[in-house]
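Numbering (the numbering used here), first residue to last: 10 to 357.
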């Protein structure tokens with residue numbers, strides 16, 4: 010293992026980012042470079058990205074052993090940040106390639122791992138993945154494939170830490186919102202508010218969330234760079250406020266300066282009609298709240314106020330986003346027809 014540097018210093022670090030060309034990964038790369046770190050980004054070279062001039066770019070496929078080994082050669086880094094590891098096999102490859110060649114390995118995971126567990130209860134705690142069994146037959150559910158992949162990837166890394174001292178820290182993130190969000194999930198609500206037609210919220214949008222601002226994801230990584238006490242640990246990272254989808258829509262409308270008409274339709278009725286509520290991507294059957302007390306206690310975690318980052322995110326999209334509408338907006342006319350159908354039925 011490489012010799013560890015003294016914590017608390019501001020010495021520039023050699024940092025490799027696996028996947029840093031869009032959304033919070035790109036934001037992180039810019040922040041690291043601005044702080045004077047020697048940053049290298051490894052991607053397949055398929056996504057054009059405005060990387061800072063000081064950032065080195067390696068071309069390789071993180072999923073393919075030969076490609077990854079060729080790209081990194083015999084180099085070492087103080088920190089490796091893996092934003093694009095999705096399976097156990099990919100984690101095994103990372104351990105094989107980077108063991109003994111990095112002092113820290115920060116892995117971006119997801120709150121979706123909790124969906125794979127039986128009897129999970131809000132708020133979701135880091136230790137739940139150790140103490141609760143997997144849901145019966147859940148591995149056959151394609152909707153859980155992403156969460157299971159990440160969960161298995163985590164387990165490989167945790168085993169490598171326990172058996173080989175591989176210096177992992179795992180961050181579990183909920184839905185991330187902010188500038189450059191290529192998923193367009195939040196934007197799909199904003200574009201509907203802006204067209205001034207009624208907006209459907211399944212079950213009235215009363216599902217609660219702890220989201221996270223993309224800028225706060227970056228802050229979490231910065232905080233962990235030299236926090237050696239976090240090695241071997243898993244952290245939920247999310248905003249402090251608990252907000253409903255309805256509150257999210259109402260605040261969005263307030264920031265946009267538009268009065269929004271919300272139409273409450275039961276999720277159960279939509280599913281009985283074989284209607285997939287893709288028009289409201291944050292509407293799920295249950296609330297999704299991460300317990301962030303461990304990060305607060307051990308890392309001094311504090312999130313950016315919700316209203317503040319919502320305004321910053323919406324203003325960025327209003328000013329900078331000129332791309333196509335979200336895919337789920339293509340059938341907007343059918344949503345409006347569904348509203349009329351629902352109103353006729355409930356008024357009969």
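We put the beta carbon where it would ideally sit given N, CA and C, even for glycine. Bear in mind the structure is a predicted one, so any value in this text is a computation, not a measurement.
Proximity to residue i [Cα-Cα], best of the options
i: residue 197; options: 291, 112, 106; result: 291
i: residue 212; options: 286, 159, 92, 180; result: 286
i: residue 352; options: 79, 234, 207; result: 207
i: residue 109; options: 175, 155, 60, 66; result: 175
i: residue 106; options: 153, 62, 25, 63; result: 25
i: residue 170; options: 31, 38, 264, 101; result: 101
i: residue 284; options: 337, 330, 49; result: 337
i: residue 63; options: 328, 81, 83, 40; result: 40
i: residue 92; options: 182, 264, 254; result: 182
i: residue 311; options: 125, 148, 225, 43; result: 225
i: residue 227; options: 241, 237, 262, 90; result: 90
i: residue 341; options: 69, 288, 157, 327; result: 288
i: residue 326; options: 261, 295, 349, 81; result: 261
i: residue 265; options: 80, 155, 328, 55; result: 328
Chain-order list of residues whose beta-carbon lies under 6 Å from that of residue i (same chain, five-residue window excluded)
i: residue 13; result: Confidence in residue 13 is poor, its pLDDT being 41 and thus under 50, which makes the residue's placement unreliable; the coordinate value appears in the next sentence. Only 112 meet the Cβ criterion.
i: residue 15; result: Unreliable positioning characterises residue 15 in this predicted model, as indicated by a pLDDT of 44, which lies under 50. The coordinate reading is nonetheless provided below. The answer is none, since no qualifying residue turns up.
i: residue 17; result: A caution first: residue 17 carries a pLDDT of 45, below 50, which makes its placement in the model unreliable, though a value can still be read off. So no residue of the chain qualifies.
i: residue 179; result: 116, 118, 163, 243
i: residue 239; result: 178, 233
i: residue 134; result: 300
Contact set for residue i: own chain, Cβ-Cβ below 7 Å, skip 5 residues either direction
i: residue 21; result: 45, 46, 47
i: residue 159; result: 95, 118, 119, 121, 122
i: residue 132; result: 298, 299, 300
i: residue 279; result: 211, 286
i: residue 78; result: 106
i: residue 205; result: 267
Chain-order list of residues whose beta-carbon lies under 8 Å from that of residue i (same chain, five-residue window excluded)
i: residue 293; result: 216
i: residue 35; result: 29, 58, 59, 60, 189
i: residue 11; result: Confidence is the limiting factor: at residue 11 the pLDDT is only 40, short of 50, which leaves the residue's position unreliable and the question unanswerable from this model.
i: residue 165; result: 97, 100, 101, 104
i: residue 129; result: 123, 137, 141
i: residue 2; result: Within the shown structure, residues of the chain are numbered from 10 to 357, placing residue 2 beyond reach of any answer.
Assumed close pair residue i, residue j - CB separation to whole angstroms, cut-off 8 Å
i: residue 202; j: residue 347; result: Their Cβ separation, rounded to whole angstroms, is 18 Å, which puts residue 202 and residue 347 out of contact at 8 Å.
i: residue 258; j: residue 271; result: 6 Å
i: residue 50; j: residue 66; result: 5 Å
i: residue 9; j: residue 304; result: Because the chain is modelled from 10 through 357, residue 9 falls outside the range shown and cannot be assessed.
Closer than 7 Å: residue i CB and nearest the ligand FAD heavy atom
i: residue 167; result: Judged by which ligands are present, the structure shown has none, so any question about the ligand FAD falls away.
Return the chain-ordered ranges of every alpha helix (DSSP H) run that is complete within the region 206-289 and spans a minimum of 4 residues. Taking only runs of at least 4 residues, the alpha helix (DSSP H) segments lying wholly in the region 206-289 are 223-233, 254-265, 276-281.
Examine the Cβ distances between the region 70-87 and the region 138-153 and report whether three or more of them are shorter than 8 Å. In this structure the region 70-87 does not touch the region 138-153; the number of beta carbon pairs closer than 8 Å is below three.
Counting Cβ pairs, one atom from each stretch, are 3 or more of them under 8 Å apart for the region 307-322 and the region 185-203? Contact between the region 307-322 and the region 185-203 is present, because at least three Cβ pairs lie under 8 Å.
Only counting runs of 3 or more residues, tell me where the beta strand (DSSP E) segments fall wholly within the region 72-142, in order along the chain. Annotation: the region 72-142 contains the following complete segments of the beta strand (DSSP E) (minimum length 3 residues), in chain order: 86-91, 111-119.
Could you say if the region 301-315 and the region 243-263 meet the contact criterion of at least three C-beta pairs nearer than 8 Å? Counting Cβ pairs under 8 Å, three or more are found: they touch.
Length at least 4, wholly inside the region 153-185: the alpha helix (DSSP H) runs in chain order: Entirely contained in the region 153-185, the alpha helix (DSSP H) runs reaching 4 residues are, in chain order, 154-173.
At which residue ranges does the region 22-78 contain complete beta strand (DSSP E) runs of 3 or more residues, listed in the order of the chain? If we require 3 residues or more, the beta strand (DSSP E) runs fully inside the region 22-78 come out as 23-27, 47-52, 65-68.
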